[in-house]
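Residue 0 is where the sequence shown starts when you use numbering that gives the first Met the number 0, and the numbers rise one by one after that. In this text, a Cβ means the ideal position worked out from N, Cα and C, and glycines have one as well. This one's a predicted model, so the numbers in the text were calculated from it and none came from an experiment. Here's the structure we're looking at; comments come further down.
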Amino acid sequence: MKLERSIELYTKGKRNLVGSVNSPVRAFKSVGGVPIFIEKAKGSKIYDVDGNEYIDFVLSYGPMILGHRNSKVERAVEKALKKGYTFGASTEAEIKMAKLVCEAFPGMDKVRFVSSGTEAVFSAIRLARAFTGKNKIIKFSGCYHGHSDALLVAAGSGLATLSIPGSAGVPDEAVKNTLIAEYNNIDSVENHLANNNDIAAVIIEPIAGNMGVVQPTSEFIQELRDLTKASGVLLIVDEVMTGFRSKFGGAQELLGIEADITCLGKVVGGGFPVGAYGARNEIMEMVAPLGNMYQAGTLSGNPIAMACGIATLKELKKQNPYDKFEKTAAFLERELLAAAKEYGIDLQVNRFGSMINPFFTKEKVVDFKSAQTSNTEQFKTFFWKMMEHGVFLPPSQFEAWFLGTAMTKRDIYKVRSAIKIAMKAVAE
Ligand code: PLP
0 MKLERSIELY TKGKRNLVGS VNSPVRAFKS VGGVPIFIEK AKGSKIYDVD
50 GNEYIDFVLS YGPMILGHRN SKVERAVEKA LKKGYTFGAS TEAEIKMAKL
100 VCEAFPGMDK VRFVSSGTEA VFSAIRLARA FTGKNKIIKF SGCYHGHSDA
150 LLVAAGSGLA TLSIPGSAGV PDEAVKNTLI AEYNNIDSVE NHLANNNDIA
200 AVIIEPIAGN MGVVQPTSEF IQELRDLTKA SGVLLIVDEV MTGFRSKFGG
250 AQELLGIEAD ITCLGKVVGG GFPVGAYGAR NEIMEMVAPL GNMYQAGTLS
300 GNPIAMACGI ATLKELKKQN PYDKFEKTAA FLERELLAAA KEYGIDLQVN
350 RFGSMINPFF TKEKVVDFKS AQTSNTEQFK TFFWKMMEHG VFLPPSQFEA
400 WFLGTAMTKR DIYKVRSAIK IAMKAVAE
C-alpha cells in the first residue's frame, strides 16, 4: 500500500500542527502507522494523497450520510456562497432549517443553532441547570458528549482509544457536579437519584457510538425515561451522532422515547459546522433573548451551513434510506460473523440502524466495561488489511462505522471480500 505522500505530509505537518492533526482520533494512534491525508472524495469513495481509493465508512465521523458532494447539496451550497458568507444578522434559511428540525423531533418546539456538537451539549446542560435550578448531571460511562470540561469524565471516543481516564487541565470543581452511571444499568441511575436531590439532568447517547456501538435495551431506555420524568429530572438525549441517522427523527423515533432536551450535530449540517439544541417551549424560553440563560455565537446559523443542512435534510427525507441501511447493516453483520467463525476468531457485532461495529471479544458488549475486553491488537491488524483492500474504517476499535446512501451493492460486495481477507490476516 503506497503511503509515501501521506508520510511526507504527516512529517511536514508536525512542525506547526499538534501531532499533525486537528482532532486526536485522526492521528491513527491506536492502530499505529501514519495517518492518511485526504485529497478528495465523491459519493461513497474517498481518495488519499497517494491516489489510494477507499469505500468510506468514516463519512467524517457521521455527517456525510448522503456520501460526498451530493449534487443537490452542492448546488444549494454554491447558491448560498454567492450571496455572502456570514452577516451577523438573521436569514430566512435559519427559519426553514428550524422548521425542518422541529418537525422531525416531536418534543422540540424551538431550536437554537450553534457550530458544533460540543457546543450544543454544553449549552443544553446550562439550560437544564437554568430550568431546574439544580446543579448536578448524570452521564454514562463510555458515552462521549464533546470536550467541554464537565463532560470529560469516563468518556469514550478518542479518550477510550488513547486509554486516558479524563483530561489534564480539567479542574476538580468542573467535574464535581458530574455523576457517573453505567449504560444499560438502571440501578446505577436510581442510586444517584435516591441519594441526591440536586440533579438537573441525565444525559445519554441513546445509541452509544463512542465506545463502539452499544445499544440500550428497550427496558433500560424506557425505564430511564419514566424514572427521570417521575423524579423531575430532565432527560437530555444527545443525538449528535444519531440525529437524522438512526431514523429521520433520530434514535428517539427508533426507540419510541421523547427527550426533554435534544442535542444535534453531524448530519444536521451535512458536512458544515452545525450543532443544535432544542426542547419544548417552556424550556427553550429560558434561553436569551427570551430568557436569562445566556448563549451566543458569531457564526451560529451561518448561511452556508444552513443551506447545506436544509438541502441534506430534504434529500434525506426524500430518500428515506433507513430500511435499506438496516438491510445493509444486517448483511455486514452476517459476513463479519461468518468470516470470524471460519477463522476461529472471537467476535461480537453490535449494530443499530446505520451504525455498526465489530468487537474482537468473546464477551457480549453491553457497556464500556465489556467493550474494553476487545482485543485491540486484532483490531489493528483487521483495520490495516481493510485499508489495504480499499475500505476506510475509523482507526479505532471504539468508533462506529457509518453507512451512507451513496454506497452501492458493488461497494458492499467489495467490503465483503475485504472482510474475509482481513479476518484471515487476524487469524495468522
Ligand atoms: N456528542 C456525541 C454523541 C458525539 O458523538 C460527539 C462527537 O463525536 C459530540 C457530542 C461532539 O461533537 P463535535 O465533535 O461536533 O463537537
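Residue environment, residue i, which counts as buried when at least 16 other CB atoms sit within 10 Å
i: Leu150; result: buried
i: Ala287; result: exposed
i: Lys69; result: Residue 69 is actually Asn in this sequence, not Lys. Buried, because 16 or more other Cβ atoms sit within 10 Å of the Cβ of Asn69.
i: Ala399; result: buried
i: Arg25; result: buried
i: Pro164; result: Here Pro164 scores only 48 on pLDDT, less than 50, and its place in the model should not be relied on; the value that follows carries that caveat. Pro164 should be labelled exposed.
i: Arg125; result: buried
i: Lys98; result: exposed
i: Ser217; result: exposed
i: Gly242; result: buried
i: Ala103; result: buried
i: Arg14; result: exposed
i: Leu178; result: buried
i: Phe86; result: exposed
i: Val239; result: buried
i: Ser162; result: Confidence is the limiting factor: at Ser162 the pLDDT is only 42, short of 50, which leaves the residue's position unreliable, though a coordinate-based value still follows. Ser162 comes out exposed.
i: Val188; result: buried
i: Met283; result: buried
i: Ser416; result: exposed
i: Ala123; result: buried
i: Gly168; result: exposed
i: Leu16; result: exposed
i: Ala153; result: buried
Proximity of residue i and residue j at Cβ, strictly below 9 Å
i: Ala306; j: Lys78; result: yes
i: Thr360; j: Leu346; result: yes
i: Leu312; j: Val266; result: yes
i: Val120; j: Cys262; result: yes
i: Ile37; j: Ile137; result: no
i: Asp148; j: Val174; result: yes
i: Thr90; j: Pro272; result: no
i: Gly296; j: Ser59; result: no
i: Pro62; j: Pro394; result: no
i: Glu252; j: Val72; result: no
i: Met406; j: Gly66; result: yes
i: Met96; j: Gly277; result: no
i: His146; j: Ser166; result: yes
i: Gly50; j: Lys1; result: yes
i: Lys368; j: Glu181; result: yes
i: Phe330; j: Ile411; result: yes
Rounded Cβ spacing between residue i and residue j (contact assumed at less than 8 Å)
i: Phe112; j: Ala275; result: 5 Å
i: Ala207; j: Gly248; result: Not quite, the Cβ-Cβ distance comes to about 19 Å (not below 8 Å), so this is no contact.
i: Ser5; j: Val48; result: 6 Å
i: Ala250; j: Ala75; result: 27 Å between Cβ atoms; not a contact.
i: Gly211; j: Phe397; result: 5 Å
i: Arg244; j: Gly106; result: Going by Cβ atoms, the distance from Arg244 to Gly106 rounds to 18 Å, so no, they are not a contact pair.
i: Lys413; j: Gly389; result: 7 Å
i: Ser114; j: Leu298; result: 5 Å
Nonlocal neighbours in the same chain, by C-beta distance under 7 Å from residue i, ignoring five residues either side
i: Arg409; result: none
i: Ala426; result: Tyr342, Gly343, Ile344
i: Gln318; result: Thr404
i: Arg224; result: Leu234, Ile256
i: Ile418; result: Glu334, Leu335, Ala338
i: Pro320; result: Thr404
i: Asp237; result: Val120, His144, Ile202, Ile203, Glu204, Cys262
i: Arg128; result: Asn134, Ala199
i: Ala304; result: Gly268, Phe271, Pro272, Val273
i: Asn374; result: Phe359, Thr360
Cutoff 8 Å; reference residue i; Cβ partners in own chain excluding five residues on either side
i: Asn184; result: Phe219, Asp366
i: Leu392; result: Phe56, Val57, Phe382, Met385, Met386, Trp400
i: Glu332; result: Val348, Arg350, Ile355
i: Lys379; result: Ser29, Val30, Gly31
i: Gly231; result: Thr131
i: Asp171; result: none
i: Tyr84; result: Asn301, Pro302, Ile303
Same chain, Cβ closer than 6 Å to residue i, five either side skipped, listed in chain order
i: Glu118; result: Gly274
i: Lys44; result: Glu52
i: Pro357; result: Leu335, Leu346, Val348
i: Glu108; result: The sequence given here places Asp at residue 108; Glu does not occur at that position. Contacts found: Arg279, Asn280.
i: Asp186; result: none
i: Gln214; result: Ile206, Phe351
i: Tyr293; result: Ala287
i: Ala40; result: His67
i: Asn176; result: Asn134, Lys135
Item to check | Environment of the ligand PLP in chain order, Cβ to heavy atom below 5 Å | outcome: Selection around the ligand PLP by beta-carbon proximity, strictly under 5 Å to any non-hydrogen atom, yields Ser115, Gly116, Thr117, His144, Gly145, Glu204, Asp237, Val239, Met240, Gly264 in chain order.
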